[in-house]
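*Asks:*
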Amino acid sequence: AQKVTQAQTEISVVEKEDVTLDCVYETRDTTYYLFWYKQPPSGELVFLIRRNSFDEQNEISGRYSWNFQKSTSSFNFTITASQVVDSAVYFCALSEAPGRSNTGKLIFGQGTTLQVKP
Amino acid sequence: NAGVTQTPKFQVLKTGQSMTLQCAQDMNHEYMSWYRQDPGMGLRLIHYSVGAGITDQGEVPNGYNVSRSTTEDFPLRLLSAAPSQTSVYFCASSYSRSTGANVLTFGAGSRLTVL
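Protein chains in written order, with the working numbering: chain A, 1 to 118; chain B, 1001 to 1115.
1) By the three-class DSSP mapping on this structure, what secondary structure does Arg100 of chain A have?
2) Under a CB-based cut-off of 8 Å, is Lys105 of chain A close to chain B?
3) Under a CB-based cut-off of 8 Å, is Phe1106 of chain B close to chain A?
4) Would you decide whether Thr1070 of chain B is buried or exposed? Buried here means 16 or more other CB atoms lie within 10 Å of its CB.
5) Counting only the same chain and skipping the five closest in sequence on each side, list residues whose C-beta sits under 7 Å from that of Leu1078 of chain B.
6) Buried or exposed for Gln69 of chain A, going by 16 or more other Cβ atoms inside 10 Å?
7) Would the stretch 71-89 of chain A and the stretch 6-23 of chain A be scored as touching if the rule is three or more Cβ pairs under 8 Å?
8) Report yes if the CB atom of Ala1108 of chain B is closer than 8 Å to the CB atom of Gly43 of chain A, and no otherwise.
9) Given the structure, does Trp36 of chain A come close to the ligand COA, in the sense that its CB is under 7 Å from one of the ligand's heavy atoms?
10) If contact means a Cβ-Cβ distance below 9 Å, which residues of the stretch 1065-1082 of chain B contact chain A?
11) Which residue comes first and which comes last in the beta strand (DSSP E) that contains Ala1052 of chain B?
12) For a contact meaning CB atoms closer than 7 Å, what does Leu45 of chain A contact in chain B?
13) Can the beta-carbon of Gly111 of chain A be found less than 8 Å from the beta-carbon of Ala93 of chain A?
14) Looking at the secondary structure, which residues open and close the beta strand (DSSP E) in which Ala1108 of chain B lies?
15) What residue from B:Gln1022, B:Thr1015, B:Asp1056, B:Gly1016 has the CA that sits closest to Tyr1031 of chain B's CA?
16) Going along chain B, which residues have a C-beta under 8 Å from Ala91 of chain A?
17) Can the beta-carbon of Gln1060 of chain B be found closer than 8 Å to that of Phe47 of chain A?
18) Can you tell which of A:Phe77, A:Ile49, A:Val4 has its C-alpha closest to the C-alpha of Tyr25 of chain A?
19) If distances are taken between C-alpha atoms only, which option among B:Arg1044, B:Gly1058, B:Leu1115 comes closest to Tyr1089 of chain B?
20) Do you know how far the Cα of Thr1007 of chain B is from the Cα of Trp1034 of chain B?
21) In whole angstroms, what separates the C-alpha of Ile60 of chain A from that of Asn1028 of chain B?
22) Taking 7 Å as the limit between beta carbons, can you name the residues of its chain near Val116 of chain A, skipping five residues before and five after?
23) Whose C-beta lies closer than 8 Å to the C-beta of Ile1054 of chain B among residues of the same chain, with five residues either side of it excluded?
Laid out in structure tokens, this is it:
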């Protein structure tokens, strides 16, 4: 069965600190997708990144970076020089492989609440 | 482009009442789904649809009903509301399951309280 674990329930940092959100997943599929979504206090869910299981290159987008390691089944998310606007709940998610009878279902982790204090 | 529209945003029900959460998307997406969000549990899939006329159960389907008569609409029905169904509900869609383009676009959410 597929499973996503975000062991950090809440993280609190001071502005400009770097912070890493951990995500560990379980799947028997050899091909799959991993995602990160952000849920700001306003409540909507905002897509941040999707990563194919064949692509283990790290990705950087501005202050955000993602570290995907198949060997440890982890897909960690780092925010560099955090800002108050980064305060949100962050969800890691996993989906089954494309190209089969893919329903597009996502399995979500429990979420990590990040508080960035000024 | 409205994206995914959910109504109502807030609803209070009494135990045993029924209601329908509406969801509509204008992106011609094939795939639509309903999730519920509860504290400490992330988002859990209730029901999903891979196209008009096709629906299936997700992880937590009990007490909910869905139908997909058109590509655009995917309503979620609570048959007899229970306090355990107090939650925030999200509708989502994505455009092509066959290409694996499974980036979900979410609605704004509907907060339901069952007394």
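We put the CB at the ideal spot given by N, CA and C, even for glycine. Just so you know, these numbers come straight off a predicted model, no measurement behind them.
*Replies:* Quick look at the numbers:
1) The count along the first sequence starts at 1 and reaches residue 100 of chain A at position 100. Its pLDDT being 49, under 50, Arg100 of chain A is placed unreliably in this model, and the value from its coordinates should be taken loosely. Coil.
2) Here residue 105 of chain A is taken as the residue at index 105 of the first sequence, counted from 1. Chain B contact via Cβ: present.
3) Stepping through the second sequence from its first residue, residue 1106 of chain B is reached at position 106. Yes, Phe1106 of chain B counts as interfacial toward chain A.
4) Locating residue 1070 of chain B in the second sequence gives position 70, counting from the first residue. Answer is exposed; the Cβ neighbour count stays below 16.
5) Stepping through the second sequence from its first residue, residue 1078 of chain B is reached at position 78. Contacts found: Ser1018, Met1019, Gly1063, Tyr1064, Gln1085.
6) Taking the first sequence and counting its residues from 1, one reaches residue 69 of chain A at position 69. So Gln69 of chain A counts as exposed.
7) Yes, the stretch 71-89 of chain A touches the stretch 6-23 of chain A.
8) Start at 1 with the first residue of the second sequence, and residue 1108 of chain B comes out as number 108. Start at 1 with the first residue of the first sequence, and residue 43 of chain A comes out as number 43. Yes, Cβ-Cβ distance for Ala1108 of chain B and Gly43 of chain A is below 8 Å.
9) In the structure shown, the ligand COA is absent, as is every other ligand, since no ligand is present at all.
10) none
11) The count along the second sequence starts at 1 and reaches residue 1052 of chain B at position 52. It is not in any beta strand (DSSP E) - Ala1052 of chain B carries neither H nor E in the DSSP assignment.
12) Stepping through the first sequence from its first residue, residue 45 of chain A is reached at position 45. The answer, in chain order, is Phe1090, Phe1106.
13) On the first sequence, residue 111 of chain A is found 111 positions in, with the first residue counted as 1. On the first sequence, residue 93 of chain A is found 93 positions in, with the first residue counted as 1. The answer is no: Cβ separation not under 8 Å.
14) The residue given as residue 1108 of chain B occupies position 108 in the second sequence. Segment: none, Ala1108 of chain B is in no beta strand (DSSP E) and carries neither H nor E.
15) Working through the second sequence from its first residue, we reach residue 1031 of chain B at position 31. Of the candidates B:Gln1022, B:Thr1015, B:Asp1056, B:Gly1016, B:Asp1056 places its Cα closest to the Cα of Tyr1031 of chain B.
16) Taking the first sequence and counting its residues from 1, one reaches residue 91 of chain A at position 91. Reading off the sequence, residue 91 of chain A comes out as Phe, not Ala. The answer, in chain order, is Gly1042, Leu1043.
17) Taking the second sequence and counting its residues from 1, the one referred to as residue 1060 of chain B is at position 60. Taking the first sequence and counting its residues from 1, the one referred to as residue 47 of chain A is at position 47. Gln is not the amino acid found at residue 1060 of chain B; the sequence shown has Val there. Cβ distance not < 8 Å, so Val1060 of chain B and Phe47 of chain A don't count as in contact.
18) Here residue 25 of chain A refers to the residue found at position 25 of the first sequence. If we check each option's Cα against that of Tyr25 of chain A, A:Val4 comes out closest.
19) Position 89 of the second sequence, counted from the first residue, corresponds to residue 1089 of chain B. When each option's Cα is compared against that of Tyr1089 of chain B, the closest is B:Arg1044.
20) Within the second sequence, residue 1034 of chain B is the residue found at index 34, counting from 1. Within the second sequence, residue 1007 of chain B is the residue found at index 7, counting from 1. Rounded to the nearest angstrom, the two C-alpha atoms are 13 Å apart.
21) One-based indexing of the first sequence puts residue 60 of chain A at position 60. One-based indexing of the second sequence puts residue 1028 of chain B at position 28. Distance between the alpha carbons of Ile60 of chain A and Asn1028 of chain B: 31 Å.
22) Looking up residue 116 of chain A in the first sequence gives position 116. Within the same chain, Val116 of chain A has close Cβ partners Val13, Glu15, Ser82, Gln83, Val84, Asp86, Ser87.
23) Working through the second sequence from its first residue, we reach residue 1054 of chain B at position 54. Within the same chain, Ile1054 of chain B has close Cβ partners Arg1068.
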